[in-house]
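Student: Here it is, the structure, as structure tokens.
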Amino acid sequence: MMTDLAGFVIIDKPAGLTSHDVVAHVRRLVGRVVKVGHAGTLDPMATGVLPVALGSATRLLDQLVDTRKGYLGVVRLGIQTTTDDADGEPLVTQAVPELTPETIETVLTRFRGDILQQPPAFSALHIDGQRAYALARAGNEVTLAPKPVRIERLDLLAVALPDLTIAVECSKGTYIRALARDIGAALGCGGHLASLQRIFTGPFRLEHAIPLAALTDRGAVMRHLLPPETALLDWPLVQLDATNAYRILHGMSIPAGESTATRARAHDPDGKLIALLRRNGERWQPVKVFRHR
Numbered sequence: 001m002m003t004d005l006a007g008f009v010i011i012d013k014p015a016g017l018t019s020h021d022v023v024a025h026v027r028r029l030v031g032r033v034v035k036v037g038h039a040g041t042l043d044p045m046a047t048g049v050l051p052v053a054l055g056s057a058t059r060l061l062d063q064l065v066d067t068r069k070g071y072l073g074v075v076r077l078g079i080q081t082t083t084d085d086a087d088g089e090p091l092v093t094q095a096v097p098e099l100t101p102e103t104i105e106t107v108l109t110r111f112r113g114d115i116l117q118q119p120p121a122f123s124a125l126h127i128d129g130q131r132a133y134a135l136a137r138a139g140n141e142v143t144l145a146p147k148p149v150r151i152e153r154l155d156l157l158a159v160a161l162p163d164l165t166i167a168v169e170c171s172k173g174t175y176i177r178a179l180a181r182d183i184g185a186a187l188g189c190g191g192h193l194a195s196l197q198r199i200f201t202g203p204f205r206l207e208h209a210i211p212l213a214a215l216t217d218r219g220a221v222m223r224h225l226l227p228p229e230t231a232l233l234d235w236p237l238v239q240l241d242a243t244n245a246y247r248i249l250h251g252m253s254i255p256a257g258e259s260t261a262t263r264a265r266a267h268d269p270d271g272k273l274i275a276l277l278r279r280n281g282e283r284w285q286p287v288k289v290f291r292h293r
């Protein structure tokens, strides 16, 4: 059931904390009886948008994890690191050639659209039941299979060698530090991710985010809590009357009418989110139902 403490708090994660640290901080404020989770891990060095879900809103996290994400990053050329970012130890140092914006742009075209990306050795992916980062820290050589990802946008914003500032919009599963590593390799001098800021996750933008330090008690969490349906604002809305709301809440399908959408969010007559719907032929079928106290 959805209670008064159900929704999203959008955190501007500071550098130096893990995403789990942020969740743990919120959990301490709201109490351990409230379910808390986040929508997409940010590495400790990264800052920016980290949606934290509370209560029944955690059931919407899978929808957010699958959405597009946007980043601002600085690629530092000439130094390869163990983790592909600034938190790692230097592996190789090379001279950075004089690169023009035109040369860099030519290289960036290789990384736009659908690409295969090899995840960093220091990642949370599993190899034979163990985390890749655990194997790498133990001194094992870790090589992960390339994964298909999509880079919707890759813009060169500034060149101040050895640094390149880039803007990226990408699909789930994209590693920006792997992108930095590969851009450096393609430019012939290696590179790593020097800094990273997530500027959006799905509908949640940096302007919606609050500093973690602003969450000092349960009351502060409540003041910044966004309704669960804010995660679904790009979904078509099906406004239900009392009869159809009853049917949906009890797992029954309803006519889809003239809608051509394949998915939708359903609100009851009071405007509350009560279900996620999937189109099945000419009918809406509930796939997740939310009951309110």
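Going by full-length UniProt numbering, the sequence shown opens with residue 1, and the numbers climb by one from there.
All C-beta atoms, glycine included, are put in the ideal place defined by N, C-alpha and C.
Quick one, which of 222, 193 and 137 has its alpha-carbon nearest residue 164's?
Tutor: 193
Student: Go through the stretch 176-225 residue by residue and report every complete run of the beta strand (DSSP E) that reaches 3 residues or more, in order.
Tutor: The qualifying runs are 191-201.
Student: For residue 2, which residues from the same chain have a beta carbon less than 6 Å from its beta carbon, with the 5 sequence-adjacent residues on both sides left out?
Tutor: Caution is warranted here: a pLDDT of 49 is assigned to residue 2, below 50, making its placement in the model unreliable, and the coordinate value is therefore given only provisionally. Cβ neighbours of residue 2 within its own chain (closer than 6 Å, five residues either side excluded): 56, 290 and 292.
Student: For the candidate residues 220, 116 and 12, whose alpha-carbon lies nearest to that of residue 146?
Tutor: 116
Student: Among the residues of its own chain, which have a CB less than 7 Å from the CB of residue 201, if the five just before and after it don't count?
Tutor: 39, 40, 49, 51, 64, 67 and 69
Student: Taking the alpha helix (DSSP H) that residue 101 belongs to, which residues open and close that run?
Tutor: 101-108
Student: Pick helix, strand or coil for residue 26, following the three-state DSSP scheme.
Tutor: helix
Student: Whole angstroms is fine: what's the gap from residue 169's alpha carbon to residue 106's?
Tutor: In this structure, the straight-line span from the alpha carbon of residue 169 to that of residue 106 is close to 18 Å.
Student: Buried or exposed: which applies to residue 205, given that a residue is buried once 16 or more other Cβ atoms fall within 10 Å of its Cβ?
Tutor: exposed
Student: Spatial neighbours of residue 190 within its chain, please: CB distance less than 6 Å, with the 5 preceding and 5 following residues excluded, ordered by chain position.
Tutor: 80, 92, 94 and 184
Student: How big is the Cα-Cα spacing for residue 89 and residue 60?
Tutor: Using only the alpha carbons, I get a separation of about 37 Å.
Student: Are residue 44 and residue 18 touching if we call contact CB-CB under 9 Å?
Tutor: yes
Student: Between the alpha carbons of residue 286 and residue 150, how many angstroms are there, rounded?
Tutor: 30 Å
Student: Please confirm if the stretch 275-286 is in contact with the stretch 255-265, defined as three or more CB-CB distances below 8 Å between the two stretches.
Tutor: yes
Student: Taking Cβ positions, are residue 196 and residue 85 nearer each other than 9 Å?
Tutor: yes
Student: With the cut-off set at 9 Å, would you say residue 226 and residue 266 are in Cβ contact?
Tutor: no
Student: How is residue 57 classed by DSSP in three states: helix, strand or coil?
Tutor: Residue 57: helix per DSSP, three-state reduction.
Student: Please return the same chain residues whose Cβ sits closer than 7 Å to the Cβ of residue 101, not counting the five positions on each side in sequence.
Tutor: 156 and 159
Student: Could you check if residue 229 is buried or exposed, using at least 16 other CB atoms within 10 Å of its CB as the buried criterion?
Tutor: buried
Student: So, is residue 20 buried or exposed, given that buried needs 16 or more other C-beta atoms within 10 angstroms?
Tutor: exposed
Student: Which residues mark the beginning and the end of the alpha helix (DSSP H) in which residue 249 is found?
Tutor: 242-249
Student: CB-CB under 7 Å to residue 273, same chain, minus the five flanking residues each way: which ones, in chain order?
Tutor: Counting only Cβ-Cβ distances below 7 Å, and skipping sequence neighbours, we find 228, 229, 265, 267 and 290.
Student: Which residue marks the beginning of the beta strand (DSSP E) containing residue 111, and which one marks its end?
Tutor: Per DSSP, residue 111 belongs to no beta strand (DSSP E) and is neither H nor E.
Student: If I measure Cβ to Cβ from residue 277 and keep anything under 8 Å in the same chain, skipping five residues before and after, which residues do I get?
Tutor: 238, 248, 263, 264, 265, 266, 284, 285, 286 and 287
Student: Is residue 5 helix, strand or coil by DSSP?
Tutor: coil
Student: With 16 as the cutoff for other CB atoms within 10 Å, does residue 47 come out buried or exposed?
Tutor: In this structure residue 47 is buried. Its beta-carbon is surrounded by 16 or more other beta-carbon atoms within 10 angstroms.
Student: The beta strand (DSSP E) with residue 266 in it runs from where to where?
Tutor: 263-267
Student: Roughly how many whole angstroms lie between the Cα atoms of residue 9 and residue 96?
Tutor: 42 Å
Student: Reducing DSSP to helix, strand and coil, say where residue 86 ends up.
Tutor: coil
Student: Our contact map puts residue 112 next to residue 54 with C-beta atoms below 8 Å; I'd like the distance itself, whole angstroms only.
Tutor: Actually they are not in contact, since the Cβ atoms of residue 112 and residue 54 sit about 37 Å apart, beyond 8 Å.
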